[in-house]
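Visitor: Here the working numbering is used: position 271 in the sequence shown is 379, and no number is missing along the way. Please read through the structure below; I'll follow up with questions.
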Amino acid sequence: MRKRILVVCMFDAVHAGRWLEQFKYEEIDFVLFPSSPHRRVHSKIRTLIGSSGPATYKLAPGSRIYGLPLWFVDKILSNRFRGLILRKIAELFSPHIVHALELTNAGYVSLRAFAPTEKRFKLISTNWGSDIHWFSRFPKHRKRLTQLLSISDAYSCECHRDVALAKDLGFSGEVLPVIPNAGGFSHLESSFTPIEDRKLILVKGYQNWAGRANVAISALSQLRQELDGYRVVVFSANLSTIFFAKRKLGSLGENLVIHRKFSLSHEQVLTLFSRARIYVGLSVTDGISTSMLEAMAMGAIPVQTSTSCCDEWFSDSGVAIREISIEAVTDGIVRALELAEDPRNAAKNLDTIRLHADAGKVSLVARTFYNV
């Protein structure tokens, strides 16, 4: 029997594309409904829509209209319009499963569409990144998250930490296996670039409500002597990060490289990881942090804030930052450079990725999510 799955997701998100492509050889008909404003559909999703495999992927009718214009209207009307449209599409499509692929956009639209109506399908709600860990601290969001989980038949997330948080919000349904939300890694090397050829220090360039790239840059500015012979590469940088990095690290000259957000393909980012000695990712809240997993998979020692669930992925083969301060991050970078000198640490991280984030293994588990 072919399954019908209605997925509410961000059309411009690579994570959504990577999740969906795991099912392209399954007998499933997908209809995709936009959960957030978008000016483009991500290339991975476009490729799936144009494919002719066992699975079929279609955008919900009129997606362009209610993806961007109605999103702005619904900011005032609390998702009333898009909730109504989503409910009508569900009535027409008669899905076996509706999957809200993220909570504070997809989940809230689904909540508006399907509560308190009687559902004839299974509703899966998937936590992305900071959905519960951060937003449950605010009364308005906590109320909505509690309501969403109360109508959800199943819940998935990528951190055991977030299972406990969902139960704290009253979820009592089926907890699906804890796996990376964006799928696993299909190209895991048996050997890494030698340590002597790893001359890059990578910094995630997000400086926004959650990202703290500027703290990492400030820490690196304290380590001029230690940076001798290295090239600092800031990737996915927004404008404030670009200006701050040039001001703080401009004296590095050609040894400072900045890549703006969306300027690199995923393959280019992985290449950077394969040549990096360490990776620094700082944020006040996160899920696993896909970039951290990419660092571990490609042999770069991670320096990651413990506000992610990094403790579930490494202990002594990476550096967990417990306090987002220049002093703590400076010490963490020095420690990571020391850890990188011992190839056993990178090998240990790779073994962890093979065990818990191999694409084949993750895909097998992910496919059980749609059992009905």
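All residues carry an ideal CB built from backbone N, CA and C; glycine is no exception.
A403 by DSSP, collapsed to three states: which one?
Guide: DSSP places A403 in helix when its eight states are reduced to three.
Visitor: If you draw a straight line from the alpha carbon of A467 to that of C265, how long is it in whole angstroms?
Guide: Approximately 17 angstroms between the Cα atoms of the pair.
Visitor: Ignore the nearest five residues each way along the sequence and tell me which others in P203's own chain have a CB closer than 8 angstroms to its CB.
Guide: For P203, where only same-chain residues beyond five positions count, the Cβ hits under 8 angstroms are R112, I113, L114, V139, F229.
Visitor: Assuming the contact rule is C-beta atoms closer than 8 angstroms, E134 and A168 should be a hit. Round their C-beta distance to whole Å, please.
Guide: Between A168 and E134 the Cβ distance is about 20 angstroms, and since that is not below 8 angstroms, they are no contact.
Visitor: Considering only the beta carbon of each residue, do G407 and T301 sit closer than 9 angstroms?
Guide: Result yes, Cβ atoms of G407 and T301 sit closer than 9 angstroms.
Visitor: Considering D73, what are the terminal residues of the alpha helix (DSSP H) in which it resides?
Guide: Any answer about residue 73 is impossible in this case: the structure gives the chain only from 109 up to 480.
Visitor: Entirely within the stretch 275-337 and at least 3 residues each: give me those beta strand (DSSP E) ranges in chain order.
Guide: Fully enclosed beta strand (DSSP E) runs of 3 or longer: 308-312.
Visitor: For L390, which of helix, strand or coil comes out of DSSP?
Guide: DSSP places L390 in coil when its eight states are reduced to three.
Visitor: Considering only residues of the stretch 390-465, which uninterrupted beta strand (DSSP E) runs meet the minimum length of 3 residues and lie entirely inside it, listed in chain order?
Guide: If we require 3 residues or more, the beta strand (DSSP E) runs fully inside the stretch 390-465 come out as 409-413, 427-429.
Visitor: Considering only C-alpha positions, which residue in the set W317, P285, L256, S159 is nearest to A214?
Guide: Cα-wise, what sits closest to A214 is L256.
Visitor: Should S329 go down as buried or exposed, given a rule of 16 or more other Cβ atoms within 10 Å for buried?
Guide: S329 is buried by the Cβ-count criterion.
Visitor: Indicate the three-state DSSP secondary structure (helix, strand or coil) for T164 in the structure shown.
Guide: Looking at T164 - three-state DSSP - the assignment turns out to be strand.
Visitor: Helix, strand or coil: how does DSSP classify I240 here?
Guide: Of the three classes helix, strand and coil, the one that applies to I240 here is coil, per DSSP.
Visitor: Between which two residues does the alpha helix (DSSP H) harbouring F222 extend?
Guide: Run containing F222: 216-222, per the alpha helix (DSSP H) assignment.
Visitor: So, helix, strand or coil for L372, using DSSP?
Guide: Here L372 sits in coil by DSSP.
Visitor: Taking DSSP's pairing of strands, which residues face V181 in a bridge?
Guide: Beta-bridge pairing links V181 to no other residue.
Visitor: DSSP beta-bridge partners for I205?
Guide: According to DSSP, I205 bridges with I113, K230.
Visitor: Does DSSP classify S186 as helix, strand or coil?
Guide: Three-state DSSP puts S186 in coil, outside helix and strand.
Visitor: Quick one: is H123 buried, meaning 16 or more other Cβ sit within 10 Å of its Cβ, or exposed?
Guide: By the 10 Å Cβ count, H123 comes out buried.
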